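Position in the sequence shown (from 1) plus 27 gives the number in the numbering used here.
These notes are about the structure you will find just below.
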Amino acid sequence: MTAFAGAAASGSGSASADTGWSTLSAPPTYQEFEASTYVDVDGAYVVNGDEALSTKAELKKFYNSMVGPFGNHDRDGHEGDLIVNTVNGRDDKWSASQALNLTYCVSTKFGTRQADIVAAMNAGTALWENATSKVNFVYVPAQNGSCTTRNNNVVFSVEPVNTSQYIARAFFPSSAKSSRNVLVDDSIWSSGNWEPGDILGHELGHVLGFRHEHTRPEAGTCFEDNNWRPLTPYDSASIMHYPQCNGSSADLEFQASDATGVRALYGS
Ligand SMILES: [Zn+2]
28 MTAFAGAAAS GSGSASADTG WSTLSAPPTY QEFEASTYVD VDGAYVVNGD EALSTKAELK
88 KFYNSMVGPF GNHDRDGHEG DLIVNTVNGR DDKWSASQAL NLTYCVSTKF GTRQADIVAA
148 MNAGTALWEN ATSKVNFVYV PAQNGSCTTR NNNVVFSVEP VNTSQYIARA FFPSSAKSSR
208 NVLVDDSIWS SGNWEPGDIL GHELGHVLGF RHEHTRPEAG TCFEDNNWRP LTPYDSASIM
268 HYPQCNGSSA DLEFQASDAT GVRALYGS
C-alpha cells in the first residue's frame with residue numbers, strides 16, 4: 028500500500044497518489060503514465076499504491092486495462108466486501124494445494140527489527156488463516172539468509188526497503204517470481220493506529236489475490252480499474268480499504284466481511 032505509506036506519513040495521502048492517477052481529470056498518455064510511475068529498488072513499477080509490476084510490458088498492459096473499454100469487467104450487478112483481482116477476466120488466485128503452502132522467508136537484512144517483522148507476519152498471516160482452513164502461510168527461517176525473489180525454496184520473500192513512497196508493498200498470485208516479495212519500510216513502526224500486523228495483513232490480502240476495496244464504485248473515490256470480481260457486499264471498513272479513501276475504519280483492522288471474502292474465494 029503506497030497509499031498506505033503516504034497516508035500514514037502525512038495523514039491525508041491518497042491511495043493512488045503514487046501514480047497520480049486519481050488526481051488527473053483526463054487519462055495520461057502512456058508515456059506520461061510511465062514517467063510518473065514510481066520505480067522500486069528492484070526495478071519494479073509500483074501501481075495503485077503498493078502493487079508491483081516487474082516489466083514494461085506488464086506496465087503497458089496495466090495502462091491499457093485502465094484506459095481501455097473495461098472488456099473483462101464483471102458487470103453483472105452483483106453487490107459484492109472483498110474483491111478478487113482478475114487477469115483477462117479470470118480470478119487471480121493460488122491453486123488449492125499452493126494456497127495451503129505459501130512459504131516465505133524474512134530477510135536477515137531487517138537486522139535488529141527482524142524478529143519484530145517475523146512477529147508482525149505471524150499476526151498478519153493469522154488474520155487470513157483463522158478465517159479459512161484452505162489458506163496456510165509457512166514461515167521458513169532457514170531461508171532468511173538468502174531471502175530474495177531469486178530464492179526458489181520459498182514462494183515469496185519479505186525484505187526491507189528504504190523509501191518514502193510507501194510503508195509496504197506486495198504482489199498478486201499472477202506476479203512473476205521476480206516480483207514476489209513483500210517490501211517493508213521502517214515507517215511500519217511509526218504508522219499511528221495502523222498496527223504492523225494489520226499493515227502486513229493488508230499486504231497479504233494482495234498476496235492472496237485481493238484488490239483494494241476502495242476501487243469499487245461505492246467508495247466514490249480512489250478508483251483504480253475494473254479488473255476485479257466482487258466476492259461479498261461492499262465494506263468500507265475492510266482491511267483492503269484505505270481509510271483515507273472514504274473508509275469507515277481508521278485502524279485497518281480485519282473485518283468479518285474479509286473472512287467471508289477469503290472463504291468465498293478459497294473455501295472454508
Ligand atoms: Zn494495498
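Every residue, glycine too, gets a C-beta built ideally from N, C-alpha and C.
Computed from a prediction, not measured in an experiment: that's the story for all the values here.
| query | Sorted by chain position, which residues of the same chain lie with C-beta nearer than 6 Å to residue 223's C-beta, five sequence neighbours on each side aside? | reply | So the list reads 147, 215, once near-sequence residues are dropped.
| task | Might you give, ordered along the chain, the residues of its own chain that have their beta carbon closer than 6 Å to the beta carbon of residue 121, omitting 5 neighbours on each side? | result | 200
| field | Status (buried if at least 16 other CB within 10 Å, exposed otherwise) for residue 58 | value | It counts as exposed.
| said: On the criterion of 16 or more Cβ atoms from any shown chain inside 10 Å, does residue 252 qualify as buried, or is it exposed? | reply: buried
| query | What are the boundary residues of the alpha helix (DSSP H) that includes residue 146? | reply | 141-156
| In whole angstroms, what is the alpha-carbon distance linking residue 254 and residue 241? | 13 Å
| field | residue 139 classed as buried or exposed, judged by whether at least 16 other C-beta atoms fall within 10 angstroms | value | Flag for residue 139 reads exposed.
| query | Closest by CA to residue 190, which one among 236, 63, 60, 67? | reply | 67
| message | Using C-beta distances below 8 Å, list every residue in its chain close to residue 207, excluding the 5 sequence neighbours before and after it, in chain order. | response | 176, 182, 183, 184, 198
| Whole-angstrom Cβ separation of residue 170 and residue 180, contact assumed at under 8 Å? | 5 Å
| request: Work out the CA separation of residue 196 and residue 187 for me, nearest whole Å. | output: 11 Å
| task | Could you pull out every unbroken beta strand (DSSP E) segment of at least 3 residues lying fully inside the region 168-234, listed in chain order? | result | For the region 168-234, whole beta strand (DSSP E) runs of length 3 or above, ordered along the chain, are 183-188, 208-212.
| said: Using the Cβ count rule (16 or more neighbours within 10 Å means buried), how would you classify residue 79? | reply: buried
| To the nearest angstrom, how far is it from the Cα of residue 158 to the Cα of residue 152? | The straight-line gap from Cα to Cα measures roughly 10 Å.
| message | Taking 6 Å as the limit between beta carbons, can you name the residues of its chain near residue 274, skipping five residues before and five after? | response | 263, 268
| task | Compute the beta-carbon to beta-carbon distance between residue 295 and residue 160, rounded to the nearest angstrom, for a pair I have assumed lies under 8 Å. | result | 7 Å
| task | Give a yes or no on whether the C-beta atoms belonging to residue 292 and residue 236 are separated by under 9 Å. | result | yes
| request: Specify the secondary structure class of residue 65 as computed by DSSP and reduced to three states. | output: strand
| Where does residue 134 land, buried or exposed, given buried means 16+ other C-beta within 10 angstroms? | buried
| What's the gap between the Cα of residue 245 and the Cα of residue 287? | 19 Å
| request: Could you check if residue 123 is buried or exposed, using at least 16 other CB atoms within 10 Å of its CB as the buried criterion? | output: exposed
| task | Give, in chain order, every unbroken run of the beta strand (DSSP E) that is at least 3 residues long and sits entirely within the region 229-266. | result | Here the runs fully enclosed are 255-257.
| request: With DSSP collapsed to three states, give me the class of residue 85. | output: Residue state, collapsed to three classes: helix.
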